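Residue numbering for the sequence shown follows the numbering used here, beginning at 6 and increasing consecutively. Notes to accompany the following structure.
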Amino acid sequence: KAAGRATEFEIFTPDATEMAFLADLDATHPAYIARHLFDTDITQTPKLVTTAYQHQNAAKLLLVKGAIDYVVRDGEILITIAEPDVPELEAIGGTGD
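This is the structure we're talking about:
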């Protein structure tokens with residue numbers, strides 16, 4: 006995103022905080038998003054996805070990781086995945102990893 010080349014990538018696997026970075030037009034680095042890194046509202050993921058694509062700050066395919074995972078292609082949420090949910094795996098990158 007910072008280099009203006011996000012759309013050149015085929016796939017990106019962000020979490021909710023990284024989505025907040027992609028959707029924040031003023032942030033040049035994830036540490037500078039408008040909201041605190043640990044205060045990202047994961048229920049806003051669909052809105053963040055829409056904003057990131059509107060401003061060409063997302064790869065063609067996103068696999069957004071979280072309590073609910075989102076598979077997104079060119080701004081369209083294709084599917085959400087809520088299971089399995091294994092909290093013990095979250096510390097090592099999430100169930101989907």
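The C-beta atom is built at its ideal place from N, Cα and C for all residues, glycine as well. Note that the structure is predicted; figures quoted are calculated from it, not measured.
Check, Outcome
"How would you label Glu88, buried or exposed, when you count the other beta carbons within 10 angstroms and need 16 or more for buried?", "exposed"
"Suppose the cutoff is 6 Å on Cβ atoms and the five residues either side in sequence are ignored; what does the same chain contact list for Phe17 look like?", "Ala64 and Leu67"
"Could you give the first and the last residue of the continuous alpha helix (DSSP H) run that contains Glu15?", "First-last for Glu15: undefined, no H or E at that position."
"State the CB to CB distance for the pair Leu27 and Lys52, rounded to an integer number of angstroms; the pair is presumed to be in contact (CB under 8 Å).", "Contact doesn't hold; Cβ gap of about 12 Å is too wide."
"Alpha carbon to alpha carbon, how far is Thr56 from Val91?", "29 Å"
"Starting from Tyr66, follow its DSSP beta bridges and name the residues at the other end.", "First, the residue type needs correcting, since residue 66 is Leu and not Tyr in the sequence shown. Leu66 pairs with Ile16 and Arg78."
"Between which two residues does the alpha helix (DSSP H) carrying Ala57 extend?", "Thr50 to Gln59"
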